[in-house]
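The sequence shown begins at 1 in the numbering used here and counts up by one.
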Amino acid sequence: MPYVRKLVGSRTYLSPLSHDDAELMFRWHNDLEAIFLAQGPGLRSPGTTQEFREFIDTFHQRKWPILMIVDLETDQPIGWCSLWNVRPAQSQAEVAIIIGEHDHWGQGYGSDAMRLLLDYGFNLMNLNSIELVTGEHNTRAIRCYEKVGFKHVGRRRQGHIHGNRKTDVILMDYLAEEFVSPYVIPTIEQATKHS
């Protein structure tokens, strides 16, 4: 399926996610290592392909953006991300992201996609605060979140239990006033120069 370059970064672009992507989501969500590290709604349940189609429908019905993360160079889908639990009255949302392709881990794809997702939330949805939770064991993700500008705001002790292992949950957030747009604002400014 050809992907649309909705928001373009230096390594990735984000494209609307559709039912055609349910097979990929099914594969990624049945990868125990990827899911152990991932955070967000429905990320712990392997599910079926049909359940992922319904999951996508739920996001679309609630008008929560759910986007495929695509490698800019190869056009290969490598993961997905979303803003969910959107609370318009408070101008807040939570973020979910998974890089399902192991060969794209630790190379900046996740942080590039996260910047684009934040840009979408702050500059297209007019959110003021975007939040996330992650397990303290997920040091690679924590480094990514810190790199893009998330701040630590709390800790939930023993908030994750995996088998017999208990780990704390790290709470982080990002405010719109702290964010510099990598794509949306420069694109709008460029478009207004030509009008």
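Just so you know, even glycine gets a beta-carbon here, dropped at the ideal spot from N, CA and C.
- By the neighbour-count criterion, in which a residue is buried when 16 or more other Cβ atoms sit within 10 angstroms of its Cβ, glutamate 189 is exposed.
- Just so you know, the alpha carbons of isoleucine 130 and glutamine 92 end up roughly 6 Å apart.
- Assignment of arginine 11 by DSSP, reduced to helix, strand and coil, places it in the coil class.
- When secondary structure is reduced to three states using DSSP, aspartate 119 falls in the helix class.
- The C-alpha of aspartate 57 is placed about 12 Å away from the C-alpha of aspartate 20.
- DSSP places proline 186 within a helical segment (H, G or I) once states are collapsed to three.
- Excluding sequence positions up to five before and after arginine 53, its CB lies within less than 8 Å of the CB of His19 and Ala22, all in the same chain and listed in chain order.
- For valine 4, same chain residues with a beta-carbon under 8 Å away, outside a window of 5 residues either side, are Ser15 and Pro16 in chain order.
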